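In what follows, a single structure is set out as structure tokens and then discussed.
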Amino acid sequence: MRNLTLKHFKTVQAIIKCGKIVSAAKMLGLSPPALTIQLRQVEEEFQLALFDRTSDGMRPTAAGRAFVETAQVIEEHLGLLEDKMDAIKGVRTGSLRLGVVSTAKYFAPRLMAAFMKDHPDIDMRLAIGNRAQTIDNLRNHDIDIALMGRPAKEVPVRASVFGDHPLVIIAPPDHPLVAARDISKERIAEEHFLIREPGSGTRISLEIFLSDVPGRIDDLGVEMASNETIKQAVMAGLGIAFISAHTIAAETEAGRLVILDVVGMPIRRQWFSVMRTDHAISPAMATFNDFLMRKGAMYLPLFGKLYPDKAG
């Protein structure tokens with residue numbers, strides 16, 4: 076492996092990305108023969124074919140996939156090295172890829188704005204997705220830090236709490252249960268629910284809440300792809316919903332949605348800052364995580380304004 080250079084790693088990455096030698100060569104500013112020579116050098120080094128040559132293009136073999144995974148790790152660590160050298164020099168720069176579950180999009184922009192005001196030279200990128208997508212981004216090293224309500228178990232992570240995450244049941248203001256108090260779990264389970272997709276953190280919490288109501292988990296309700304769609308459907312009178320209190324601040328204050336007084340509610344979860352344990356922590360990551368621990372809770376919607384009787 077002493078004969079390999081960064082050019083060899085970039086060659087394989089480009090071929091996987093483009094699927095064809097000609098396209099990869101153009102991407103790297105090389106001639107196709109020069110690129111082919113570099114690929115051959117790598118394959119000769121390991122005595123393994125990195126690609127299957129097919130009529131549809133270059134398809135990576137198991138060896139090719141393993142090689143490019145290592146190339147991505149090397150690229151990542153070189154970026155971290157650059158950040159650390161800048162930190163040693165006192166340069167407060169760097170980049171941070173933040174991933175948030177869709178529920179967190181209601182406060183993440185304010186949180187980011189406050190952080191970037193204090194650290195204008197740290198470049199931030201935001202990726203919003205459901206829980207499964209955010210975990211995939213962690214698994215694939217596509218994000219540095221994730222903000223989520225349930226730390227991922229599918230990848231090795233370290234998780235730190237930065238704020239409370241209350242979950243409530245909402246209804247339109249003309250719903251018969253709006254005036255009721257201490258609604259039982261059995262009674263609320265009779266209602267028609269509008270729910271998130273399987274794997275959603277909110278969906279998981281609802282399933283746990285209703286798990287001891289016979290037969291209810293088998294028919295939870297109508298699935299919808301986003302909190303916004305669910306809120307609009309509830310306001311239209313299509314049903315009730317179990318949702319993060321942080322997503323409904325505007326609607327409850329305007330009187331378009333009402334939080335029902337259900338026994339055992341609100342369910343109090345927590346917001347976590349999540350990082351991979353096998354991912355080196357860059358200065359930018361450390362700075363943002365410290366900001367979250369000190370100030371993150373300040374940028375969460377104030378639950379007491381939404382549900383004063385339950386806020387204590």
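Residue numbering for the sequence shown follows the working numbering, starting at 76 and increasing by one per position. Glycine included, every Cβ here is placed at the ideal spot set by N, Cα and C. Because the structure is a prediction, the values reported are computed rather than measured.
Distance from the Cα of D198 is smallest, within the candidate group L367, F363, L375 and A372, for F363.
If you check the CB distance, G296 and I270 come in under 7 Å. Uninterrupted beta strand (DSSP E) stretches at least 3 residues long and entirely within the segment 318 to 358 occur at 342 to 351, given in chain order. Segment contact: the segment 244 to 255 against the segment 205 to 223, fewer than three CB-CB distances shorter than 8 Å; contact not assigned. Here G132 carries a strand assignment [DSSP, helix/strand/coil]. The three-state secondary structure of F126, taken from DSSP, is strand. Selection A316, R344 and V175 evaluated against L332 yields A316 as nearest (Cα-Cα). Counting only the Cα atoms, E326 lies some 19 Å from P184. By the Cβ neighbour-count rule, M360 is buried, with 16 or more other Cβ atoms within 10 Å of its own. The residue from R128, E118, T304 and I149 with its alpha-carbon nearest to that of A138 is E118.
It is roughly 17 Å from the alpha-carbon of R206 to the alpha-carbon of V236. Shown here, E282 sits in a helix according to DSSP, grouped into three states.
Taken through DSSP and simplified to helix, strand or coil, R172 comes out as strand. Beyond the five residues adjoining it in sequence on each side, A221 comes within less than 6 Å, by CB distance, of G174, T209, L213 and V349 in the same chain, given in chain order. Here DSSP, grouped into helix, strand and coil, assigns L269 to strand. Secondary structure of A264 (DSSP, three-state): coil. The straight-line gap separating the alpha-carbon atoms of I279 and R200 is approximately 28 Å. In the DSSP assignment, D257 falls outside any beta strand (DSSP E) and carries neither an H nor an E.
In the three-state scheme derived from DSSP, where H, G and I count as helix and E and B as strand, D239 is classed as strand.
According to the DSSP assignment, D211 belongs to the alpha helix (DSSP H) that extends over R206 to R214.
The beta carbons of A141 and F84 sit no closer together than 7 Å. Assignment of G296 by DSSP, reduced to helix, strand and coil, places it in the strand class. The residue among P376, F366, L375 and V176 with its C-alpha nearest the C-alpha of K192 is F366.
Inclusion of A324 and P376 in the CB contact set at 7 Å is warranted, their separation being smaller than that value.
Remark: C-beta atoms of A89 and L79 do not approach each other more closely than 7 Å.
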